[in-house]
Every structure is written in structure tokens, then in C-alpha cells.
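In the numbering used here, the protein residues as written are 87 to 694. We put the CB at the ideal spot given by N, CA and C, even for glycine. Because the structure is a prediction, the values reported are computed rather than measured.
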């Protein structure tokens, strides 16, 4: 068994920032990650980092833009904390050596991004995430933070109590990919989940193959609720053949969208007739798909993104890697012709419910980054707000887990408490299918931390041995079925019948998963085993997304419902909560907090 004060699961942007923060407070901290840190998906972020740095801008303007972009489903204390803290975090990483693009006078460059009222997006060419990841990894190496590289955390070690608020997380269980062995990790202070997104629930996504919702699913099965899971962002500019992201920076620099009739269509949509291509991502994605669905799409699939008019010098200076992506994956030279783009799954606004310090309802368990829902993004994330979120809330989780007194805002976000009048029946009963929830928690009698971890390790070893020794179907069949129904039925445009079809498909996939087995018998670098375990997590998050989407009967942000074409503030300014109840999801709600540190955000019509 390995022992540290703070265990950070995942070593992308949020995990690295959390580990550095815990180290700053003197904690013995370790990163446990299934990928080498610089292979983490943060490295694929292209666009930039929002922060109010210049004269004429302010944190409260950034906060307002964020709340408006969220379609008033974000919690004001989280939004205010984020906007106030982002400048300090950007200055900190600049001091650590982040190679920001700069103006001629030496200032860090900032450019416009969708949904922003001020050009506050700092960037490093179109490789911002790559440089951010390397900058923070250098700090981790400098500080001597221990990294358990290529260790896949498969479950949490949590005491078993009926009420999740009485549970304690003492560590986690991890599979050493190099040796095939399974070991326990004891965390004396806390475990921080920073495993990233869940894009592999869909078959057209900008996310890496490793983004399988691991942290969300593990916390969910251990008793921590998931929040606002129906709120999935579809990025408007991905390459049709692969889902590879084309940065919003292209539109920020002045890129233009055209349909098959060579019409610049964005200004034709009333909700975007001021900002055009720089409307928020949900707005642009819907406009593009409307063009395609109404017969104005190119090859009935995509639209064109044109940046030729920006000139070769500007493109090579600020967007060079976009040229390489378009050439490598679509055979298009962006200097001479437009690039094909269409919406693709990009980001999960929802995640593990937590407060501004990353704390969940389970003592000792924290979440940060895309795994978490501190309720910053609400129903729609603004481009350029994900990377500063990693920095701000990753740092706060690390400091707090290490023992620093990090108070929440005066009006804190708080955590949910289920009540009888808050619970609702799932719109389509998903069925209580056993997918291994019992191995996330230890016997309630074993309250000594070491015993809790040992029990969790033994359960996981038994589960892996069963997968390796029994005959059955390959996980890939189950995963493909999940991805197909999610992309077909739970996409940008959502209809009741399609959502119900998706839930039925997911129920069938759960039954099929009970019969999976690992065909590769090897004990080292067994990717078949890893993908099999990941597929269980994909099932859990896919079901959560679909249940929330069916329950929320309104049109808000990224959540478009054919039967409900308006935002219903009197009924739906509330968070969708989902708790694991013995394998049967329990749906309930908690109110959105619109009262901030200095003002109360009044919901208004959202247009750009």
C-alpha cells in the first residue's frame, strides 16, 4: 500500500494545479494517473484562458458574461470566486514561464472569444493547453511531487454508511498498467478527482480516447451526486472525419462561417445578429445544424470555416497548428481554401457536485476540473473559461485538501440534501442493473482506514480476475452501442421519443455489460482490460446525461428540447441532481444560487 497526505487522481491541468497547491501547503502529495501528465487532454485545448487583466475590463464584467453564458444556471458564488481569482492565476503561470503570445509592447496578448463583452482571452498561439500543461508539469518536477505514471485508478476506498454524508474516503485502488498488479493508495488528508471529461460516451467528440468519465462514475457509485449532467457542450467547429477540434481562436481572429450557398449565415439568426460567429457555442452549433437540416449544408453534413482573408502572416503567427490539423485530417490547405466543420461533443458542464473548495458530500473526497460541477458553467460554458477553471478551482481543492482554511464565499454554493418533495421518478425506469457498485465502498464494520483500503483492493482484484478468466462478449460491442445511441439521440437537438429510445438502448447495454470478458490474457499493458473497466464508467455517465435531458422540460443553454422551445425560469432555475441508489438512479433537484457577493443576477433574455 502506498501512502501520502493528498492523492490527486489525474494529472491534467486541474490535477497538476491541485498537486502544486497541496505541495505549497506542505503536504506530501502524489499524482496517480493512467497517462503521463503531458499526454493529458488539457494539452489539446487550443483557444485560451480568460481573465480580466486590462484597463476597461473587470472581474465583475467577466462574471456577468459567465453567468449570462450559463443561461442563468450557474451558481453566483462560484462565478464570482472564479472571475476574481482568474487574473491572479494567469499572472502566476506567466511567472512560472508560460509562453503567452505577446503584443509589440510586451504585454500578454488577449483576443475576442464567443460570448465575451471584452477581448480578455489570453493565449499561446493556438496551443495554449499544450504550453499550460508543460509549464505546470515543470513545476511539479521542480517540487519533487511524486507521479505514479500509468496507474489507472479504478475505484475509491470509502466507508460504507447508508447516508453518503456519513461516508469517508480514505484512498483509492489502482491498476499498475506496467506490471498488472492492483494496489491501494491511502490518503491521510484527501483524494482529489481530476480525471477530465466524458466525451467517449459519444462517437463524434473532440475528447481523447482516455476521456471516459472515470472520476464522475467512481464518485457517483461511492455516493457523491452528479449535477446538471444533461448539460453537454457541442463545439461548433470540429473536423467532420475525426472530431478533431478547430479552435474558437479562428473565429476570435475573424474567421467566417459559410453555408453551401456561400452565404455568411450567422447574422441571419436573431439571437446572434450582433456577434455573428462570436456568439456563444450553443448558439453557433444550433445555427450550423439548422443550415444542414434545412438543406444548406455542404454535402448535407457540414459548413465551411474560412480564415483566408486573415492573411498568411497572421495565420502563421497565431493559428499555425490549425493549418496542420486541416491538412492532416481533411487534406485542406487553410491558406487557400475554407475548412469543413460541424458540431461535435466537446465538454461536460455537469459533473460531481462540489463546493468552491472542491469538497463533495463524502468527507475526504474532492473534485476539480471537468470532473467537477462547482456550478460555474451552468447550461453553457463560454470558450476560454475551462482553462482558468482548472487553475482557480484546482488550486482551491489542493489547498483545502492539504489543510488550508479556504472558506467558501459568504453565500456558499452548499451541497444538496435530498428531500421527499425533491425526488422524482426517472422518466423511464433504467433498471437496477448491477455494475459493481459494491466494490466502491468497504464494509461498514471496517472503519480503520487501512482495512477500508485493503477491502476495496481485494474486491477489485476479484473483479479483474473474473473479467480475465471468464468467457463473454468484448466490451467494444457495448461501447459502440452506447456511443451510437448517444450521438443519434442525445445530441444538439433533443426530442422526447429519441431520449426514451436512448434510455432503452442504455438499459440493454447494461445487460450486455454483465456478460463482458477480457479476451487478452496478458497481465501487463492490457488495454483490453482498461477499456473494459472504462466502459462501465461510460455507461454510468451516459445514463445520467440522458435521464437529466429527459427530465428537464425546457430549452436552456446547450439543452434544446423540441417539445419545449422556451426557457422556463419560474420552474427550471434549479440543478438536476442524480444519486446512485443501489444501482437505480435517483433524480432530485436543488435551487440555483443567483445571489452573488455584490449583486443578484437577474435572468434576462440571452442574445448576442
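- Across the structure, residue 246 and residue 253 are spaced so that their CA atoms are roughly 6 Å apart.
- Taking the Cβ atoms as the reference, residue 282 lies roughly 26 Å from residue 181, outside the contact range of under 8 Å.
- In this structure, residue 158 and residue 677 do not form a Cβ contact; the two beta carbons are roughly 12 Å apart against a cut-off of 8 Å.
- Nearest Cα to residue 292 within the set 321, 315, 372: 321.
- With respect to the C-alpha of residue 465, the residue from 240, 645, 432, 93 having the closest C-alpha is 645.
- According to the DSSP assignment, residue 482 belongs to the alpha helix (DSSP H) that extends over 472-487.
- Per the DSSP secondary-structure output, residue 321 pairs in a beta bridge with 430.
- Membership of residue 89 in the beta strand (DSSP E) is indicated by the continuous run 88-95.
- Between the segment 116-131 and the segment 650-667 there are fewer than three inter-stretch CB-CB distances shorter than 8 Å, so the stretches are not counted as touching.
- DSSP places residue 302 within a helical segment (H, G or I) once states are collapsed to three.
- The alpha-carbon of residue 107 is positioned some 10 Å away from that of residue 490.
- Cβ contact annotation for residue 409 (same chain, cutoff 6 Å, sequence separation greater than five): 420, in chain order.
- For residue 262 and residue 554, the gap between their C-alpha atoms comes out near 16 Å.
- Residue environment analysis places residue 227 among the exposed positions, since fewer than 16 neighbouring C-beta atoms fall within 10 angstroms of its C-beta.
- A direct Cα-Cα distance of roughly 43 Å separates residue 473 from residue 557.
- Every beta strand (DSSP E) of 3 residues or more that sits fully in the segment 377-408 is shown, in chain order, as 389-392.
- Residue 677 sits in a strand when the DSSP states are folded into three classes.
- Residue ranges of uninterrupted alpha helix (DSSP H) with 4 or more members, entirely inside the segment 579-629 and ordered along the chain, are 582-599.
- Of the candidates 288, 118, 122, 91, the residue whose Cα lies closest to the Cα of residue 110 is 91.
- The continuous alpha helix (DSSP H) containing residue 550 extends over residues 535-555.
- When beta bridges are read from the DSSP output, residue 257 appears opposite 243, 272.
- The shortest C-alpha to C-alpha distance from residue 628 to any of 547, 306, 428 is the one to 306.
- Relative to the Cα of residue 373, the nearest Cα in the group 392, 353, 384 belongs to 353.
- Within the segment 333-377, complete beta strand (DSSP E) segments of at least 3 residues are found at 342-344, given in chain order.
- With respect to the 7 Å criterion, residue 105 and residue 115 are classified as neighbours on the basis of their beta carbons.
- Residue environment analysis places residue 656 among the exposed positions, since fewer than 16 neighbouring C-beta atoms fall within 10 angstroms of its C-beta.
- For residue 568, there is no enclosing beta strand (DSSP E); the residue is part of the alpha helix (DSSP H) that begins and ends at 561-575.
- Boundaries cannot be given for residue 328, as no beta strand (DSSP E) includes it and DSSP labels it neither H nor E.
- Here residue 568 is near residue 624, since their CB atoms are less than 7 Å apart.
- The continuous alpha helix (DSSP H) containing residue 150 extends over residues 145-155.
- For residue 220, there is no enclosing beta strand (DSSP E); the enclosing alpha helix (DSSP H) has its first and last residue at 214-229.
- In the three-state scheme derived from DSSP, where H, G and I count as helix and E and B as strand, residue 491 is classed as coil.
- Residue ranges of uninterrupted beta strand (DSSP E) with 3 or more members, entirely inside the segment 637-676 and ordered along the chain, are 660-667.
- Using a Cβ-Cβ distance cut-off of 8 Å, the segment 316-335 and the segment 419-439 are in contact, since at least three pairs of beta carbons, one from each stretch, lie closer than that value.
- The shortest CA-to-CA distance from residue 586 to any of 635, 565, 683 is the one to 635.
- For residue 118, the enclosing beta strand (DSSP E) covers residues 115-119.
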